[in-house]
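First the structure, in the form of structure tokens, and then the observations on it.
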Amino acid sequence: AQKVTQAQTEISVVEKEDVTLDCVYETRDTTYYLFWYKQPPSGELVFLIRRNSFDEQNEISGRYSWNFQKSTSSFNFTITASQVVDSAVYFCALSDSYSSSNTGKLIFGQGTTLQVKP
Amino acid sequence: DGGITQSPKYLFRKEGQNVTLSCEQNLNHDAMYWYRQDPGQGLRLIYYSQIVNDFQKGDIAEGYSVSREKKESFPLTVTSAQKNPTAFYLCASSLPGQGIYEQYFGPGTRLTVT
Numbered sequence: 001a002q003k004v005t006q007a008q009t010e011i012s013v014v015e016k017e018d019v020t021l022d023c024v025y026e027t028r029d030t031t032y033y034l035f036w037y038k039q040p041p042s043g044e045l046v047f048l049i050r051r052n053s054f055d056e057q058n059e060i061s062g063r064y065s066w067n068f069q070k071s072t073s074s075f076n077f078t079i080t081a082s083q084v085v086d087s088a089v090y091f092c093a094l095s096d097s098y099s100s101s102n103t104g105k106l107i108f109g110q111g112t113t114l115q116v117k118p
Numbered sequence: 001d002g003g004i005t006q007s008p009k010y011l012f013r014k015e016g017q018n019v020t021l022s023c024e025q026n027l028n029h030d031a032m033y034w035y036r037q038d039p040g041q042g043l044r045l046i047y048y049s050q051i052v053n054d055f056q057k058g059d060i061a062e063g064y065s066v067s068r069e070k071k072e073s074f075p076l077t078v079t080s081a082q083k084n085p086t087a088f089y090l091c092a093s094s095l096p097g098q099g100i101y102e103q104y105f106g107p108g109t110r111l112t113v114t
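One line per chain: the protein sequences are A and B, in this order.
Its first residue numbered 1, the first sequence is counted upward by one per residue in the working numbering.
Its first residue numbered 1, the second sequence is counted upward by one per residue in the working numbering.
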């Protein structure tokens with residue numbers, strides 16, 4: 001069965017600290033996609049990144065970076081020099097079984113609540 | 001601007017009443033999804049639709065119904081059969097009906113049933 005685990009329920013940091021959010025996934029598929037979303041207090045989920053299973057290059061976008069390691073089934077998200085506006089719930093998600101259903105469905109982790117204090 | 005709208009943002013209903021949540025998108029996306037989020041929980045899929053006039057049950061479809069008569073619209077009805085309807089409901093859409101693409105979300109509707 002496919003599964004996404006975000007073991008960190010809540011993280012609290014002080015502004016300007018770096019913080020890494022962990023995501024571990026389980027899948028039997030060889031082709032799959034991973035996603036990160038941000039849910040600010042307003043409630044709307046904001047798409048951050050999509051990564052396919054054949055692309056293990058790390059990605060950097062401003063203060064955000066993602067580390068995809070197939071060997072450990074992890075897709076971790078790091079925020080450098082955190083800011084108060086980064087305070088939100090962050091979700092990691094995995095595509096549903098690509099080979100069998102191809103439905104576009106996503107499987108979400110439980111989310112990590114990040115609080116950045118001034 | 002293109003996007004997904006959900007209305008209303010807050011909805012209050014008495015127990016035993018059916019209620020319909022609106023979801024409209026002008027992104028020309030084929031696929032649409034409904035999720036439920038409970039406090040401190042992740043998102044659970046209720047229903048999804050990959051094409052007009054077709055939809056499938058998600059993981060927690062009991063007590064809910066949907067329709068997909070237009071590409072732009074995917075309303076969700078929470079029926080009186082849903083035992084714990086109070087929750088935050090999120091609608092999403094993605095570009096094709098087939099394949100794996102990122103989903104874009106609406107602002108959500110917070111439903112309270114008393």
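Every residue gets a Cβ at the ideal spot worked out from N, C-alpha and C, and that includes glycine.
Please read all numbers here as calculations on a predicted model, not as lab measurements.
Under the three-state DSSP convention, the category residue i falls into
| i | result |
| --- | --- |
| aspartate 86 of chain A | helix |
| lysine 117 of chain A | strand |
| threonine 86 of chain B | coil |
| threonine 20 of chain B | strand |
| threonine 112 of chain B | strand |
| lysine 9 of chain B | coil |
| threonine 112 of chain A | strand |
| serine 80 of chain B | coil |
| serine 71 of chain A | helix |
| serine 65 of chain B | strand |
| serine 42 of chain A | coil |
| glutamate 15 of chain A | coil |
Residues sharing a beta bridge with residue i, DSSP
| i | result |
| --- | --- |
| alanine 115 of chain B | Only positions 1 to 114 of chain B appear in the structure, and residue 115 of chain B is not among them; the question remains open. |
| phenylalanine 35 of chain A | A:Arg50 and A:Ala93 |
| lysine 3 of chain A | A:Glu26 |
| lysine 70 of chain B | B:Ser73 |
| lysine 57 of chain B | B:Tyr47 |
| threonine 78 of chain A | A:Thr20 and A:Ser65 |
| leucine 106 of chain A | A:Ser95 |
| valine 41 of chain B | Correcting the residue identity first, residue 41 of chain B is glutamine in this sequence and not valine. Answer by DSSP bridge pairing: none, since glutamine 41 of chain B is not bridged. |
| glutamine 25 of chain B | B:Ile4 |
| valine 52 of chain B | DSSP output for valine 52 of chain B lists no bridge partner at all. |
| glutamate 10 of chain A | A:Thr113 |
| glutamate 59 of chain A | A:Trp66 |
Amino acids of chain E, ordered along the chain, whose beta-carbon sits closer than 7 Å to that of residue i
| i | result |
| --- | --- |
| serine 94 of chain B | Absent from the structure: chain E. Protein chains present are A and B. |
Within-9 Å CB hit, residue i to chain B
| i | result |
| --- | --- |
| phenylalanine 91 of chain A | yes |
| arginine 50 of chain A | yes |
| threonine 30 of chain A | no |
| valine 24 of chain A | no |
| glutamine 110 of chain A | yes |
| glycine 62 of chain A | no |
Supposed contact pair residue j and residue i - C-beta distance, whole angstroms, cut 8 Å
| i | j | result |
| --- | --- | --- |
| leucine 21 of chain B | leucine 76 of chain B | 5 Å |
| glycine 58 of chain B | leucine 45 of chain B | 3 Å |
| phenylalanine 35 of chain A | glutamate 102 of chain B | 6 Å |
| asparagine 58 of chain A | leucine 21 of chain A | Between leucine 21 of chain A and asparagine 58 of chain A the Cβ distance is about 15 Å, and since that is not below 8 Å, they are no contact. |
| phenylalanine 47 of chain A | glutamate 56 of chain A | Incorrect: roughly 21 Å between the Cβ atoms, too far for contact. |
Residue-chain proximity (residue i, chain A), Cβ-Cβ < 9 Å
| i | result |
| --- | --- |
| tyrosine 104 of chain B | yes |
| arginine 68 of chain B | no |
| proline 8 of chain B | no |
| alanine 31 of chain B | yes |
| glutamine 50 of chain B | yes |
| arginine 36 of chain B | no |
| glutamine 118 of chain B | Shown here, chain B extends from 1 to 114; a query on residue 118 of chain B therefore has no answer. |
6 Å Cβ shell around residue i - same chain, five flanking residues per side excluded
| i | result |
| --- | --- |
| threonine 79 of chain B | Asn18 and Gly63 |
| valine 66 of chain B | Tyr47, Phe55 and Leu76 |
| aspartate 38 of chain B | Ala87 |
Contacting residues, own chain, Cβ-Cβ under 8 Å from residue i (five flanking each side not counted)
| i | result |
| --- | --- |
| glycine 117 of chain B | Given a span of 1 to 114 for chain B in the structure shown, any question on residue 117 of chain B remains unanswerable. |
| aspartate 18 of chain A | Thr78, Ile79, Thr80, Ala81 and Ser82 |
Contacting residues, own chain, Cβ-Cβ under 7 Å from residue i (five flanking each side not counted)
| i | result |
| --- | --- |
| glycine 16 of chain B | Ser80 |
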